[in-house]
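Colleague: Take this structure first; my questions come after.
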């Protein structure tokens, strides 16, 4: 009987501790309900408004392009860090850039895709035929496939394969 009485007292003590904990929890919940919720307001501040105007997307892309030409990968990384993933997905969609991955892509995947597209644009905008720096003086001679007028007068003919413009390298 003493044993049962002892167990009943221990059980009663535990129940009193639990009841006290429940009262404290209830007081905290009531206090937080009456005051403005900070976590919800934090979430609102993290949201980034996504514009619907296509001209704004074009302006964003041109600004990124100019920055990319000056700083390269640093510009892409800075752009990625400034914006949220939903904004970046909308940006890629508006600029006709494929969205990487399945579902919600990561910022790393978006950075890689955007960097690749900007590198491709840079490569496509470069001139195809440019004179080599060491042969700029010969570039004027290469305008005619058989040499310049001066070389014709001297009786020298230039082989077209020796011009400074080449499709297949040096």
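In our numbering, the protein residues as written are 1451 to 1620.
Beta carbons: idealized from backbone N, C-alpha and C, even for Gly.
Mind checking whether residue 1568 and residue 1535 have CB atoms under 9 Å apart?
Modeller: Position 118 of the chain shown, counted from the start, is the residue given in the question as residue 1568. Position 85 of the chain shown, counted from the start, is the residue given in the question as residue 1535. Cβ atoms of residue 1568 and residue 1535: not closer than 9 Å.
Colleague: How far does the alpha helix (DSSP H) with residue 1516 in it extend, from its first residue to its last?
Modeller: Walking along the chain shown from the start, residue 1516 turns up at place 66. Per DSSP, residue 1516 belongs to the alpha helix (DSSP H) from 1504-1521.
Colleague: Taking a contact to mean a Cβ-Cβ separation below 9 Å, would you say residue 1530 touches residue 1557 in this structure?
Modeller: The residue you call residue 1530 lines up with position 80 of the chain shown. The residue you call residue 1557 lines up with position 107 of the chain shown. Yes; because the gap between Cβ atoms is below 9 Å, this pair is in contact.
Colleague: To the nearest angstrom, report how far apart residue 1562 and residue 1479 are at their CA atoms.
Modeller: Your numbering for residue 1562 matches position 112 in the chain shown. Your numbering for residue 1479 matches position 29 in the chain shown. About 45 Å.
Colleague: What residue range is occupied by the uninterrupted alpha helix (DSSP H) comprising residue 1456?
Modeller: One-based indexing of the chain shown puts residue 1456 at position 6. Where residue 1456 is concerned, the enclosing alpha helix (DSSP H) stretches over 1452-1484.
Colleague: What separation, rounded to the nearest whole angstrom, lies between the Cα atoms of residue 1626 and residue 1477?
Modeller: No answer is possible for residue 1626: it lies beyond the span of the chain, which begins at 1451 and ends at 1620.
Colleague: Once DSSP output is grouped into helix, strand and coil, what is the label at residue 1578?
Modeller: In the chain shown, the residue the question calls residue 1578 occupies position 128. Residue 1578: coil per DSSP, three-state reduction.
Colleague: Tell me which same chain residues have a C-beta within less than 8 Å of the C-beta of residue 1543, skipping the five on either side of it?
Modeller: Residue mapping note: residue 1543 aligns to position 93 of the chain shown, counting from 1. The answer, listed in chain order, is 1549.
Colleague: So the alpha helix (DSSP H) residue 1550 belongs to, where does it begin and stop?
Modeller: Mapped onto the chain shown, residue 1550 falls at position 100. Counting along the chain, residue 1550 falls outside any alpha helix (DSSP H), and DSSP gives it neither H nor E.
Colleague: Pick from 1514, 1537, 1475: whose alpha carbon is nearest that of residue 1500?
Modeller: Residue mapping note: residue 1500 aligns to position 50 of the chain shown, counting from 1. Considering only alpha carbons, the answer is 1537.
Colleague: In whole angstroms, what separates the C-alpha of residue 1574 from that of residue 1505?
Modeller: Counting from one through the chain shown, the residue named residue 1574 turns up at place 124. Counting from one through the chain shown, the residue named residue 1505 turns up at place 55. Using only the alpha carbons, I get a separation of about 23 Å.
Colleague: Would residue 1518 be called buried (16 or more neighbouring beta carbons within 10 Å of its own) or exposed?
Modeller: In the chain shown, residue 1518 corresponds to position 68, counting from 1. Classification for residue 1518: buried.
Colleague: Anyone know if the C-beta pair for residue 1507 and residue 1540 falls short of 9 Å?
Modeller: Locating residue 1507 in the chain shown gives position 57, where the first residue counts as 1. Locating residue 1540 in the chain shown gives position 90, where the first residue counts as 1. Yes, they are a contact pair.
Colleague: Using only CA atoms, which one of 1467, 1578, 1576, 1572 lies nearest to residue 1512?
Modeller: One-based indexing of the chain shown puts residue 1512 at position 62. The option with the nearest alpha carbon to residue 1512 is 1572.
Colleague: Where residue 1458 and residue 1472 are concerned, what is the direct C-alpha to C-alpha distance, given to the nearest angstrom?
Modeller: As a first step, residue 1458 is located in the chain shown; it is residue number 8 there, counting from the start. As a first step, residue 1472 is located in the chain shown; it is residue number 22 there, counting from the start. Using only the alpha carbons, I get a separation of about 21 Å.
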